[in-house]
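Participant: Pasting a structure below so you can have a look.
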Amino acid sequence: MYKLEKTILAAFVLAVLVTTGSTAQTIKKTTKPAAAVKKAPGTPVKAAATPAVLKNQMDSLSAAIGVSFSNSLSSQGITDINTEVLTKTINASLKGGKTAFTPEDANKFIGEYFQKITEEKGAVFRVEGEKFLAENKKKEGVTTTESGLQYQVIKTGDGPKPTATDKVKTHYHGTLTNGTVFDSSVDRGEPVEFPVNGVIKGWTEALQLMPVGSKWKLFIPYQLAYGERAAGPQIPAYSALVFEVELLEIVK
Numbered sequence: 001m002y003k004l005e006k007t008i009l010a011a012f013v014l015a016v017l018v019t020t021g022s023t024a025q026t027i028k029k030t031t032k033p034a035a036a037v038k039k040a041p042g043t044p045v046k047a048a049a050t051p052a053v054l055k056n057q058m059d060s061l062s063a064a065i066g067v068s069f070s071n072s073l074s075s076q077g078i079t080d081i082n083t084e085v086l087t088k089t090i091n092a093s094l095k096g097g098k099t100a101f102t103p104e105d106a107n108k109f110i111g112e113y114f115q116k117i118t119e120e121k122g123a124v125f126r127v128e129g130e131k132f133l134a135e136n137k138k139k140e141g142v143t144t145t146e147s148g149l150q151y152q153v154i155k156t157g158d159g160p161k162p163t164a165t166d167k168v169k170t171h172y173h174g175t176l177t178n179g180t181v182f183d184s185s186v187d188r189g190e191p192v193e194f195p196v197n198g199v200i201k202g203w204t205e206a207l208q209l210m211p212v213g214s215k216w217k218l219f220i221p222y223q224l225a226y227g228e229r230a231a232g233p234q235i236p237a238y239s240a241l242v243f244e245v246e247l248l249e250i251v252k
């Protein structure tokens, strides 16, 4: 007999944390470039106008767990889960019955499943990014550095260039190569200050080439962005990124 109480509890806690964390991201101000913003869940559960009045607290808790857990799955793109198997497993586990997985094997399977999904999605974004950059570097006005960073000068400033240890103030507008906006100080109407060496590699390199007052468009390969990992729900792993960056000043 194997029990999955810990796995179920962990899943519930994850669901609650995902919901709470997403809410926090919505109201928290971005403090540095390329911080991902919250994406709407795939198929959120529709809430009633007023909470249903159930028989007792345990029934209400059960319903709340169901909503939170299903929203968590939906936000991760899992919409075709076998609810019959899920329900049977939960019932068997809570009653001390036999289940298909030990807690350890269940966690291992879940981890491997999501790792596979991440790698499959990453492969697509990697190919798309490489194709985009290969075509983009042929365009007039685009310069490619030795690292693979590409940039296009929109406006040239006449101020000094920052060093890696300087702190700068910038305005920026960040998108994926398909034009999807993931972060923008321009849209917020609020420039951002940060250390030059405290952001993604593509930014660190570009900023040291830009005189204050300049505005450039950056095309950053995934190796100089977030690499093989995702950055929030809107920047998948292996994503090439595009930024319009205006260097306003070196902060003293």
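1 is the number of the first residue of the sequence shown in the UniProt record's numbering; add one for each residue after it.
C-beta atoms are modelled at their ideal positions from N, C-alpha and C, and glycine is treated no differently.
On a predicted model such as this, the values are computed, not experimentally measured, just so you know.
Would you call residue 71 buried or exposed, if buried means 16 or more other Cβ atoms sit within 10 Å of its Cβ?
Facilitator: That one is buried.
Participant: Which same chain residues, not among the five before or five after residue 132, have their C-beta less than 7 angstroms away from its C-beta?
Facilitator: Closer than 7 angstroms at the Cβ level, and outside the excluded window around residue 132, lie 177, 240.
Participant: Within this structure, are the beta carbons of residue 250 and residue 162 separated by less than 7 angstroms?
Facilitator: The answer is yes: Cβ separation under 7 angstroms.
Participant: Hey, how far is the Cα of residue 230 from the Cα of residue 115?
Facilitator: Each residue's Cα considered, the two are about 12 angstroms apart.
Participant: Which of helix, strand or coil does DSSP assign to residue 218?
Facilitator: DSSP places residue 218 in strand when its eight states are reduced to three.
Participant: So, residue 218 versus residue 206, is the Cβ gap smaller than 7 angstroms?
Facilitator: Yes; because the gap between Cβ atoms is below 7 angstroms, this pair is in contact.
Participant: From what residue to what residue does the beta strand (DSSP E) around residue 195 run?
Facilitator: Unbroken beta strand (DSSP E) run through residue 195: 192 to 195.
Participant: Quick one, which of 181, 164, 86, 185 has its alpha-carbon nearest residue 170's?
Facilitator: Ranking 181, 164, 86, 185 by Cα distance to residue 170 puts 185 first.
Participant: If you drop the 5 nearest sequence neighbours on each side, which residues of the same chain put their C-beta closer than 6 angstroms to that of residue 153?
Facilitator: Same-chain partners within the cutoff: 216.
Participant: Looking at residue 212: is its Cβ nearer than 7 angstroms to the Cβ of residue 157?
Facilitator: In this structure, residue 157 lies closer than 7 angstroms to residue 212 by Cβ.
Participant: Helix, strand or coil, according to DSSP, for residue 234 in the structure here?
Facilitator: DSSP places residue 234 in coil when its eight states are reduced to three.
Participant: Residue 142 to residue 220, Cα distance in whole Å?
Facilitator: Cα-Cα distance, rounded: 12 angstroms.
Participant: Measuring only the C-alpha atoms, how far is residue 265 from residue 73?
Facilitator: Since the first residue of the chain shown is 1 and the last is 252, residue 265 is not available in this structure.
Participant: In terms of DSSP beta bridges, what is residue 241 paired with?
Facilitator: Per DSSP, 176, 220.
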